[in-house]
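The sequence shown begins at 1 in UniProt numbering and counts up by one.
Virtual Cβ for every residue (Gly too), placed ideally from N, Cα, C.
These notes are about the structure you will find just below.
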Amino acid sequence: MNKLFSLPFVNVNTETLSTVGFKEAPEDFRVIELMGFEPSGEGEHLWLEVEKREKNTQDLARDLSRHFNVEKHAVTYSGLKDKNAVTRQWFSVHLPGKSEPSLPVFRNVEFLSRTRHNKKLKTGVHEGNRFIITLRSVSDMDSLVKNLERVKTDGFPNYFGSQRFGFDRGNLDQAQEWLTSGKRPRQRFLEGMYLSAMRSYIFNITLSERIQAGRWNQLTQGEIGQFDWSKSGFVVEDEQDPRCAEGEIHPAINLFDNRSVLPEPLAELEGERWFEQFKKKRFSPEQRALRVIPRNFSWQTLDAESVELTFELPKGSYATSCLKEVCELIEPNRDDRS
């Protein structure tokens, strides 16, 4: 792997972390999508609330398109969910002029509710996700609880999770190969995925620098602040704004575009032919908070070595980024690339 793509993402917590067994069974990692609104109950789009076990979101979307005999683009969802988990989310199927169809029977899939809406389900419209996570074989329960209490109060760095970068950060290597050769990926959606991975990596390295400088959770005059659980931002005028300490607003930065300055660890990318091609791509303006404070964060011990966590995060934030601040995750070997 390119050494630049192997740079670590620094933790705030520098103490030795308790090791824990993570995702030892799909039921140990439960995700419930929080929409933040209710479908209207009428319209030409069938909305389905689904709970699935060890099922890829995109695979289920394809299964639904085959069952309802519609094009793939007629089946939509708001966000991708983990495969090695039990996840609950919504799908919509465009069925104009069709009466209520029968629902399919799929292995490891349960249809919880159905309704209608006058609009399709668009990417990223959900508000956030609720996580119910069981950690097993905890090596040091006192250390784990102390770190959970700290994150509950202070939050954690809003890193993009490893899923964003692919197996062994392979999406970054694929981005470099594509931009170097000029040969476009066979599937069009891969272009967006590779560009997003590179943009996310630059954000993570910038956040790492902020952590090392002690500035990851502080406002800086002239930079950006962002409201909690919102993409709305503003230019910071008062670095001592009490809303930051209270968790109502967070420091934020713009995601990379062709006007951005690279963080120092990546400065040598400037001038690289492939990176100059990357900078020429069109990027939608987007801001991301540097910090997240989980909502409704609680935990209970199940036995001497197991604990169940429950918390909510805004869309785009990763439960694994939270967990890596409180413990060292030991996950069974499995292929997560599907």
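Within 10 Å of its beta-carbon, does S92 have 16 or more other beta-carbons around it, so buried, or fewer, so exposed? Burial of S92 is indicated by the presence of at least 16 other C-beta atoms within 10 angstroms of its C-beta.
In chain order, what are the residue ranges of uninterrupted alpha helix (DSSP H) at least 4 long that sit wholly in the stretch 52 to 88? Runs of alpha helix (DSSP H) with 4 or more residues, each lying fully within the stretch 52 to 88, are found at 57 to 67, listed in chain order.
Answer yes if the stretch 61 to 78 comes into contact with the stretch 89 to 108, meaning at least three C-beta pairs across the two stretches below 8 Å, and no otherwise. Segments in contact, yes.
With a cut-off of 8 Å, do at least 3 Cβ pairs link the stretch 104 to 111 to the stretch 271 to 284? The count of Cβ pairs closer than 8 Å, one atom from the stretch 104 to 111 and one from the stretch 271 to 284, stays below three, leaving the stretches out of contact.
Of the residues L17, V20, P8 and L34, which one's Cα is nearest the Cα of R316? The question names Arg, but residue 316 is Gly in the sequence shown. Nearest option by C-alpha distance: L34.
Would you call L302 buried or exposed, if buried means 16 or more other Cβ atoms sit within 10 Å of its Cβ? Classification for L302: exposed.
By a C-beta neighbour count over all protein chains shown, 10 Å radius and 16 as the cutoff for buried, is R291 buried or exposed? Counting other Cβ atoms within 10 Å of its Cβ, R291 reaches 16 or more and is therefore classed as buried.
Chain-order list of residues whose beta-carbon lies under 6 Å from that of F227 (same chain, five-residue window excluded): For F227, where only same-chain residues beyond five positions count, the Cβ hits under 6 Å are I249.
Could you check how far apart the C-beta atoms of F156 and F311 are, in whole angstroms? I think they sit under 8 Å. Not quite, the Cβ-Cβ distance comes to about 11 Å (not below 8 Å), so this is no contact.
Please say whether V235 and residue 404 have beta carbons closer to each other than 9 Å? No answer is possible for residue 404: the residues shown for the chain start at 1 and end at 338.
Go ahead and pull the three-state DSSP assignment for I205. Helix at I205.
If distances are taken between C-alpha atoms only, which option among R116, T14 and K281 comes closest to residue 340? Lying before the first or after the last residue shown, residue 340 is absent from the chain, which here runs from 1 to 338.
Helix, strand or coil at T180 [DSSP, three-state]: In the three-state scheme derived from DSSP, where H, G and I count as helix and E and B as strand, T180 is classed as helix.
What does the alpha-carbon distance come out to for the pair N171 and G161? Distance between the alpha carbons of N171 and G161: 13 Å.
Going by DSSP in three states, P157 sits in which element: helix, strand or coil? DSSP places P157 in strand when its eight states are reduced to three.
Look up N254 in the DSSP assignment and give the residues it is bridged to. Paired residues: Q287.
With 16 as the cutoff for other CB atoms within 10 Å, does Q240 come out buried or exposed? By the C-beta density criterion, Q240 is exposed, having fewer than 16 other C-beta atoms within 10 angstroms.
In angstroms with no decimal places, state the Cα-to-Cα distance between L4 and N147. Near 30 Å, if we compare the C-alpha coordinates of N147 and L4.
Quick check on D335: buried or exposed, where buried means 16 or more other Cβ atoms within 10 Å of its Cβ? Low local confidence applies: a pLDDT of 45 at D335 is under 50, so the model's placement there is unreliable, with the coordinate-based value given in what follows. Exposed is the label assigned to D335, since fewer than 16 other Cβ atoms lie within 10 Å of its Cβ.
Under 8 Å: do the stretch 178 to 195 and the stretch 203 to 210 share three or more Cβ pairs, one atom per stretch? They do not touch, by the three-pair rule.
Residue from R169, P265 and D82 with nearest C-alpha to T320: Among R169, P265 and D82, the Cα nearest to that of T320 is on D82.
Compare the C-alpha of R116 against each of W90, N56 and E54 and name the closest. The residue among W90, N56 and E54 with its C-alpha nearest the C-alpha of R116 is W90.
Quick one: what's got a C-beta closer than 7 Å to L7's C-beta in the same chain, skipping five residues either side? Excluding five sequence positions before and after L7, the CB atoms of its chain that fall closer than 7 Å to its own CB belong to I205 and P265, given in chain order.
Can you list, in chain order, the residues of its chain whose CB lies under 7 Å from that of R259, leaving out five sequence neighbours each side? Taken in chain order, the list of residues that qualify is empty.
In chain order, which beta strand (DSSP E) runs of at least 3 residues are fully inside the stretch 89 to 119? Entirely contained in the stretch 89 to 119, the beta strand (DSSP E) runs reaching 3 residues are, in chain order, 109 to 117.
Where L302 sits in the DSSP three-state scheme: Residue state, collapsed to three classes: strand.
Just grab the DSSP bridge partners of F22 for me. Answer is L135, bridged to F22.
For the putative contact between F22 and L313, defined by C-beta atoms under 8 Å, what is the C-beta separation to the nearest angstrom? F22 to L313, Cβ: 17 Å. No contact.
Which one or two residues does DSSP pair with P314 in a beta bridge? P314 pairs with G128.
What's the call for Q221, buried or exposed, on a 16-neighbour Cβ count within 10 Å? Result: exposed.
With a 10 Å radius around its C-beta and 16 neighbouring C-beta atoms as the bar for buried, classify P96 as buried or exposed. Around the beta carbon of P96, a 10 Å sphere encloses fewer than 16 other beta carbons of the protein chains shown; the residue is thus reported as exposed.
If you reduce the DSSP assignment to three classes, tell me which class D148 lands in. The question names Asp, but residue 148 in the sequence shown is Leu. Correct three-state label for L148: helix.
R259, DSSP secondary structure in three states: If DSSP states are grouped into helix, strand and coil, R259 belongs with coil.
Between the beta-carbon of V31 and the beta-carbon of V86, is there less than 9 Å? V31 is a Cβ neighbour of V86, given a cutoff of 9 Å.
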